[in-house]
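For the sequence shown, this note's numbering gives the first residue as 6, with consecutive numbering after it.
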Amino acid sequence: MIEIAAEPQPILVDLARTALIIIDMQRDFLEPGGFGETLGNDVGRLAAAVGPCQAILAAARGAGLLVVHTREGHRPDLSDAPKAKVERGDPSLRIGAPGPMGRILIRGEAGHDIIADLAPAPGEPVIDKPGKGAFYQTDLELMLRNRGIDTLLVCGVTTEVCVNTTVREANDRGYRCVVLGDCCASYFAEFHEYGLKMIKAQGGIFGWVSDSASAIAAIS
Ligand code: TIU
6 MIEIAAEPQP
16 ILVDLARTAL
26 IIIDMQRDFL
36 EPGGFGETLG
46 NDVGRLAAAV
56 GPCQAILAAA
66 RGAGLLVVHT
76 REGHRPDLSD
86 APKAKVERGD
96 PSLRIGAPGP
106 MGRILIRGEA
116 GHDIIADLAP
126 APGEPVIDKP
136 GKGAFYQTDL
146 ELMLRNRGID
156 TLLVCGVTTE
166 VCVNTTVREA
176 NDRGYRCVVL
186 GDCCASYFAE
196 FHEYGLKMIK
206 AQGGIFGWVS
216 DSASAIAAIS
């Protein structure tokens, strides 16, 4: 067992039962011309998480941890995209519309890819998810159970949307989530701050919050 410095208190983890999960570090969210920008966001705000994610990814691979990547997106025929999601808001391009990186938030298009800096290595599972949470309508839980995983180191974007949704889903399923704050980012600074605060409040109501340096020091 190793100890990771975290809030609201340090957490003891068994590396054989710990996975790194990197949520939705896709071109559609981080690069101009994708889903994030169509919603009116400044996608440059997510860049801060890339370096810390690269660092924990290298350390996790070195420590032999299971590494799981996720991608939010839909089938080309949109059969798995709820009408309420597709028609939501007033984006410059709707889900499925052609953009500079291909059709917005559609599997197989360039924008749906994970950014080159965090490309999955051969053998690392990539979970394609139609929703914000990584457990909803995916085989993530089955994969984690088959590997005996009980603790997740959580990174990715955005802090208050897909990271928080996934952490809440994982927490209800009995997983312990350690969110690495500097490995997450939001289009909204205050939502990032409060997204992390909500996880660790009330004695860690949804999980723990740590950072890449603390996790790397512990697992290396
Ligand atoms: N819009 C926004 O902040 N996020 C998403 O739509 N998806 C994820 O967080 N991945």
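Glycine included, C-beta positions come from ideal geometry on N, C-alpha and C. All figures in this text were calculated on a predicted structure; none of them were measured in a lab.
Backbone secondary structure at residue i - three-state DSSP
| i | result |
| --- | --- |
| residue 38 | coil |
| residue 105 | strand |
| residue 43 | helix |
| residue 191 | coil |
| residue 24 | strand |
| residue 62 | helix |
| residue 219 | helix |
| residue 31 | strand |
| residue 3 | There is simply no residue 3 to check, as the chain begins at 6 and stops at 225 in what is shown. |
| residue 17 | strand |
| residue 9 | strand |
| residue 71 | strand |
For residue j and residue i, believed in contact at Cβ under 8 Å, the rounded distance
| i | j | result |
| --- | --- | --- |
| residue 162 | residue 54 | 6 Å |
| residue 40 | residue 33 | 4 Å |
| residue 164 | residue 201 | 7 Å |
| residue 225 | residue 187 | Contact doesn't hold; Cβ gap of about 17 Å is too wide. |
Short Cβ contact (8 Å threshold) for residue i with residue j
| i | j | result |
| --- | --- | --- |
| residue 171 | residue 138 | yes |
| residue 23 | residue 154 | yes |
| residue 146 | residue 74 | no |
| residue 16 | residue 160 | no |
| residue 21 | residue 221 | no |
| residue 214 | residue 12 | yes |
| residue 111 | residue 79 | yes |
| residue 185 | residue 149 | no |
| residue 65 | residue 72 | yes |
| residue 38 | residue 104 | yes |
| residue 174 | residue 140 | yes |
| residue 98 | residue 190 | no |
Spatial distance of residue i from residue j (CA atoms)
| i | j | result |
| --- | --- | --- |
| residue 70 | residue 31 | 22 Å |
| residue 101 | residue 114 | 10 Å |
| residue 123 | residue 26 | 12 Å |
| residue 223 | residue 8 | 6 Å |
| residue 77 | residue 117 | 8 Å |
| residue 206 | residue 58 | 24 Å |
| residue 67 | residue 19 | 15 Å |
| residue 84 | residue 91 | 11 Å |
| residue 156 | residue 196 | 24 Å |
| residue 192 | residue 106 | 20 Å |
| residue 56 | residue 88 | 36 Å |
| residue 166 | residue 121 | 22 Å |
| residue 135 | residue 183 | 24 Å |
| residue 82 | residue 177 | 32 Å |
| residue 95 | residue 133 | 25 Å |
| residue 194 | residue 109 | 25 Å |
Sequence ranges, alpha helix (DSSP H) only - wholly within the stretch 164 to 188, length at least 4: With a minimum length of 4 residues, the continuous alpha helix (DSSP H) runs that stay inside the stretch 164 to 188 are 169 to 177.
Any beta strand (DSSP E) of 3 or more consecutive residues that is wholly inside the stretch 75 to 162: Runs found: 131 to 134 and 156 to 162.
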